[in-house]
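S.K.: Quick one: the structure is below, questions incoming.
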Amino acid sequence: MAQRNPSCTGATYGDDVSRSHVLEVAGREVTITNPDKLIFAAGGHTKLDLVRYYVAVGDGALRGVTGRPMVLKRFVKGIDEEAFFQKRAPSKRPDWIEVATLRYRSGLTADEVVVRDAAGLVFVVNLGCIDLNQHPVLAEDLEHPDELRSDLDPEPGVDWKQIVDVALVAKEVLEDHGLTAWPKTSGSRGFHVYTRIDPLWS
53 MAQRNPSCTG
63 ATYGDDVSRS
73 HVLEVAGREV
83 TITNPDKLIF
93 AAGGHTKLDL
103 VRYYVAVGDG
113 ALRGVTGRPM
123 VLKRFVKGID
133 EEAFFQKRAP
143 SKRPDWIEVA
153 TLRYRSGLTA
163 DEVVVRDAAG
173 LVFVVNLGCI
183 DLNQHPVLAE
193 DLEHPDELRS
203 DLDPEPGVDW
213 KQIVDVALVA
223 KEVLEDHGLT
233 AWPKTSGSRG
243 FHVYTRIDPL
253 WS
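One gets the numbering used here by counting positions in the sequence shown from 1 and adding 52 to each.
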């Protein structure tokens, strides 16, 4: 990851700010708008810190999201403020950002971001994405999911330990059926259990 012009102006994507930072990632230049914005205020961690973290763990993150359309969960004011969900890719985006058109039951469509490399990962982090929310389908085959997901959220009377216990039981049940399950925190309030499956069903 190379950096250029840490105080350059005229940002192209993301927030409308006068200060930006250009990084070279995966052979592409990615503009980081407002790099000094506090994302984790309690620890003093900025947007640029978060970008650098994602570059450092990029190989692992990309194994989960590469080639999958993504809903953007944007914490534009940092982790302490409510995020909003954005299905559609920003109209102002680099020409190398891929999109896939998803059709919903309502009849509406949305061109959603598809990350293919570390530069794409940095692009969505710059938009305020702290956790990543990719669909369980690949852009090449939107009709046939290749992931089974169990979503476990706490409710009144259900504490966190119970959620974790259920996630581990779900993992055991799936493994009893010959499937490899991966429990993980959801990035919000609950737990997800991810299982890769053959894309045979719509």
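Ideal Cβ placement from N, Cα and C applies to all residues, glycine included. Since the structure is predicted, the reported quantities are computational estimates derived from the model, not experimental observations.
K236 lies in the beta strand (DSSP E); which residues open and close that run?
M.R.: 233-237
S.K.: Does the separation of the CB atoms of R201 and Y156 fall below 9 Å?
M.R.: no
S.K.: With three or more C-beta pairs closer than 8 Å as the rule, is the region 83-101 touching the region 150-168?
M.R.: no
S.K.: For F175, report the span of its beta strand (DSSP E) as first-last.
M.R.: Note, F175: premise wrong, no beta strand (DSSP E); alpha helix (DSSP H) at 170-178.
S.K.: Cβ atoms of V123 and V177: under 9 Å apart, would you say?
M.R.: no
S.K.: Note down, in chain order, each residue of its chain lying with its Cβ closer than 7 Å to the Cβ of I131, except the 5 sequence neighbours on either side.
M.R.: Close CB contacts of I131 within its chain, under the 7 Å cut and outside five residues either way in sequence, are with I91, F92, I182 (chain order).
S.K.: For A219, report the span of its alpha helix (DSSP H) as first-last.
M.R.: 212-228
S.K.: For G230 and I249, what's the separation of their Cα atoms in angstroms?
M.R.: 10 Å
S.K.: Excluding sequence positions up to five away, which residues of its chain have a Cβ less than 7 Å from the Cβ of P206?
M.R.: W212, I215, R241, G242
S.K.: What residue range is occupied by the uninterrupted alpha helix (DSSP H) comprising K99?
M.R.: 99-108
S.K.: Throw me the rounded Cβ distance for the V189 and D198 pair, which I believe falls under 8 Å.
M.R.: That pair is a contact at about 7 Å.
S.K.: K144: buried (16+ other C-beta within 10 angstroms of its C-beta) or exposed?
M.R.: exposed
S.K.: Quick check: what's the CA-CA separation for V128 versus E150?
M.R.: 22 Å
S.K.: Anyone know if the C-beta pair for R71 and D169 falls short of 9 Å?
M.R.: no
S.K.: Leaving aside the five residues before and after L220 along the sequence, list all residues of the same chain whose C-beta is less than 7 Å from its C-beta, in chain order.
M.R.: P235
S.K.: Just to confirm, is the Cβ distance from A141 to V165 under 9 Å?
M.R.: Result yes, Cβ atoms of A141 and V165 sit closer than 9 Å.
S.K.: Please work out which residues of its chain come closer than 7 Å, Cβ to Cβ, to Y106, disregarding the five sequence neighbours upstream and downstream, and give them in chain order.
M.R.: A113, L173, V174, V177
S.K.: Name the residue from V225, L184, T232, H196 whose alpha carbon lies nearest to the alpha carbon of G239.
M.R.: Of the candidates V225, L184, T232, H196, the one whose C-alpha sits nearest the C-alpha of G239 is L184.
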